Amino acid sequence: MNWLVIARRDFQDARRSRILALVVGLFVALVAIVTATSSTSGDRAAENALWNLHGIALFLMPIVMLVVGYLAIAGERESGRIKYLLGLPNRRWEVVLGKFLSRSLVAALAIGLSMVVGLGIIALRYDSVPAADWAVLAVFMLFFGAVYVGIAVGISALTATRARAMAGVVGVYVIFTVFWIAPQVNPMNSVAYLVEDLLGLSPRENLYEFVFHLSPSFAYSRLGNGVIFDRAEDGAQVVPPDAPFYLQETFMPVILAGWLVVALGVGYLRFRDAELG
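Heads up: take any position in the sequence shown, counting from 1, add 29, and you land on the numbering used here.
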């Protein structure tokens, strides 16, 4: 159970360094601003407030979660404290797991508290409270946050310095969130060019949609849109009910879980074999 001890100590360090307060404050402020400034007019006003929050979380949550996790192991290695941590003794997989759990707890507290505050504002401003949809969105956000924390911890385990870890998480965010919907470089257009122009094949719309949803950000987007909102996503089309299973919202948790497992697994394998000097 050494991983649990590592998680507890790391969480205490995060609390003392005010990381927890900063992340909680940021999320509470974000949710409060979105819910307090959303329009109260129209038949779907409360749902629109949820939709606005869902959309903003899609782009801002990955940044915060990556920042929460990117120094989890790389920071310990650069400071030299990793030798002490591994000499207690703790195995390297326990370090990776413990760090992931502690940083995920920081994220969960921030998301959970902010959603409670947001629900209170919704209750004060709107005639009806979509409590069930709000709860579902909160669960999706918790899962989404944990996935990006896992990606950050995995990158942190891959790298030996803060600078490299920072470069890694910035690259992940830019590629899988920003470029993913940029008209000239998004993967749907790129794969369509490969299939239709270079290979001379007929269009493969389902393939293009699947590639688009391989991004953890847009797998989360599809999950929320399909279960709660049933609206179109940025950069993608509304997925019809008869689409293949890999495009349905029920398959998106598989993609997200895949990102989590692969990121932590690859990070651990690299960390396991790394020379720590």
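Where is the CB? At the ideal position from N, CA and C, for every residue including glycine.
Since the structure is predicted, the reported quantities are computational estimates derived from the model, not experimental observations.
> I think S131 touches D39, with their Cβ atoms under 8 Å apart; what is that distance to the nearest whole Å?
Replying inline: Walking along the sequence shown from the start, residue 131 turns up at place 102. Walking along the sequence shown from the start, residue 39 turns up at place 10. Indeed they touch by this definition, with Cβ atoms about 4 Å apart.
> Using a Cβ-Cβ distance under 8 Å, would Y249 count as near chain B?
Replying inline: The structure shown has no chain B; it contains just one protein chain.
>> What does the Cβ neighbour count give for D263, buried or exposed, with the cut at 16 atoms within 10 Å?
In response: Residue mapping note: residue 263 aligns to position 234 of the sequence shown, counting from 1. Bear in mind that the predicted position of D263 carries a pLDDT of just 49, short of 50, making it too unreliable to give a figure here.
>> Using 8 Å as the threshold, is the C-beta distance between H242 and L289 below it?
In response: Within the sequence shown, residue 242 is the residue found at index 213, counting from 1. Within the sequence shown, residue 289 is the residue found at index 260, counting from 1. No, Cβ-Cβ distance for H242 and L289 is not below 8 Å.
> When the Cα atoms are used, what is the spatial distance from K112 to A181?
Replying inline: The sequence position of residue 112 within the sequence shown is 83, counting from 1. The sequence position of residue 181 within the sequence shown is 152, counting from 1. Each residue's Cα considered, the two are about 21 Å apart.
> Using CA coordinates, which residue listed in V199, F258, V135 and V93 is at the minimum distance from A163?
Replying inline: By one-based count along the sequence shown, residue 163 stands at place 134. With the sequence shown as reference, residue 163 is identified as Trp, and Ala is not the correct amino acid for it. Answer by Cα proximity: F258.
> Since A61 contacts I150 with CB under 8 Å, what's their CB separation in whole angstroms?
Replying inline: As a working note, residue 61 is residue 32 in the sequence shown. As a working note, residue 150 is residue 121 in the sequence shown. Correct: roughly 6 Å between the Cβ atoms.
>> Could you check whether the stretch 88-104 touches the stretch 184-196, counting it as contact only if at least three pairs of C-beta atoms, one from each stretch, sit closer than 8 Å?
In response: In short, these stretches touch, since the Cβ pair count reaches three.
>> If I follow the unbroken alpha helix (DSSP H) through H83, where does it start and stop?
In response: Walking along the sequence shown from the start, residue 83 turns up at place 54. Here the alpha helix (DSSP H) through H83 covers A74 to G98.
> Is A101 helix, strand or coil when you go by DSSP?
Replying inline: Start at 1 with the first residue of the sequence shown, and residue 101 comes out as number 72. In this structure, A101 counts as coil in the three-state DSSP scheme.
> DSSP on G141, reduced to helix/strand/coil?
Replying inline: Counted from its first residue, the sequence shown places residue 141 at position 112. Residue state, collapsed to three classes: helix.
>> As a quick exercise: from G296, L252 and V256, pick the residue whose alpha carbon is nearest that of V283.
In response: Start at 1 with the first residue of the sequence shown, and residue 283 comes out as number 254. It is L252 whose Cα lies nearest to the Cα of V283.
>> Could you tell me the alpha carbon to alpha carbon distance between R233 and A75, rounded to whole angstroms?
In response: Counting from 1 along the sequence shown, the entry for residue 233 is found at position 204. Counting from 1 along the sequence shown, the entry for residue 75 is found at position 46. Rounded to whole angstroms, R233 to A75 spans 37 Å at the Cα level.
> Count the other CB atoms within 10 Å of the CB of T206; is the residue buried (16 or more) or exposed (fewer)?
Replying inline: Here residue 206 refers to the residue found at position 177 of the sequence shown. Looking at its Cβ environment, which holds 16 or more other Cβ atoms inside 10 Å, T206 is buried.
>> Could you check whether the stretch 133-148 touches the stretch 46-62, counting it as contact only if at least three pairs of C-beta atoms, one from each stretch, sit closer than 8 Å?
In response: yes
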